[in-house]
Amino acid sequence: MAYGTYVGIDYLKTTFIELPLGEKKENPGYAIQFGYLFPSSGPLVNGIELEYLNAGSAEYSFNALGTGSGKIEISGFNLSYKPKYYINRFYLSAQVGYAMLEGKGQSSFTLGGITYSKDFSTKIDSGLTFGGELGFELTEGFTIKGGYRLIEADTDALYAGIALRF
Numbered sequence: 033m034a035y036g037t038y039v040g041i042d043y044l045k046t047t048f049i050e051l052p053l054g055e056k057k058e059n060p061g062y063a064i065q066f067g068y069l070f071p072s073s074g075p076l077v078n079g080i081e082l083e084y085l086n087a088g089s090a091e092y093s094f095n096a097l098g099t100g101s102g103k104i105e106i107s108g109f110n111l112s113y114k115p116k117y118y119i120n121r122f123y124l125s126a127q128v129g130y131a132m133l134e135g136k137g138q139s140s141f142t143l144g145g146i147t148y149s150k151d152f153s154t155k156i157d158s159g160l161t162f163g164g165e166l167g168f169e170l171t172e173g174f175t176i177k178g179g180y181r182l183i184e185a186d187t188d189a190l191y192a193g194i195a196l197r198f
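Per my numbering, the very first residue in the sequence shown carries number 33; after that it's consecutive.
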């Protein structure tokens, strides 16, 4: 079983909110983690993790009753408790955390020859995050991993990544 400090990086495929009458194009994001694993009883290992995440962005286009477009981006920091249950070199992990997120975006819509624009000022939000992860330790200090995370009520992400323990 693995104990100690680690760093990780993930590729995020985020699902953003659906907007009525709009088409959506989602752009991937990434996450960088710094964590510490410490022993518990049996095959269970406790972990604490600080993460920066850039959830990517969503671009929207509208062509009903007029034309328009918009873009949303989400980034922030997440502090999580991440227990891992090991079966040989495989592990199953749950995640519960608290995130401080920054959302920003802009939109423009033209109706009847008049264009309406809105630049959304940066919005700070916070809340609980939940997820699950599967991983495999290729070597003593190198792990591949993948999982699912609910970032906020209407945004979730599938991810795949690596971690180096030292």
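Ideal Cβ positions, reconstructed from N, Cα and C, are used throughout, including at glycine.
Note that the structure is predicted; figures quoted are calculated from it, not measured.
Measuring only the C-alpha atoms, how far is Y180 from K103? Their backbone Cα atoms lie some 24 Å apart in a straight line.
Going by beta-carbon coordinates alone, are Y113 and P71 separated by less than 7 Å? no
Whole beta strand (DSSP E) runs in the stretch 117-176 with 3 or more residues, listed along the chain? Taking 3 residues as the shortest admissible run, the stretch 117-176 contains the following complete beta strand (DSSP E) segments, listed from N- to C-terminal end: 122-143 and 146-169.
For the candidate residues R197, A192, G193 and D188, whose alpha-carbon lies nearest to that of S107? D188
Secondary structure of S72, DSSP reduced to three states: coil
Meets three-Cβ-pair contact criterion under 8 Å: the stretch 65-79 and the stretch 115-132: yes
Alpha carbon to alpha carbon, how far is G54 from T142? Give it in angstroms, no decimals. 14 Å
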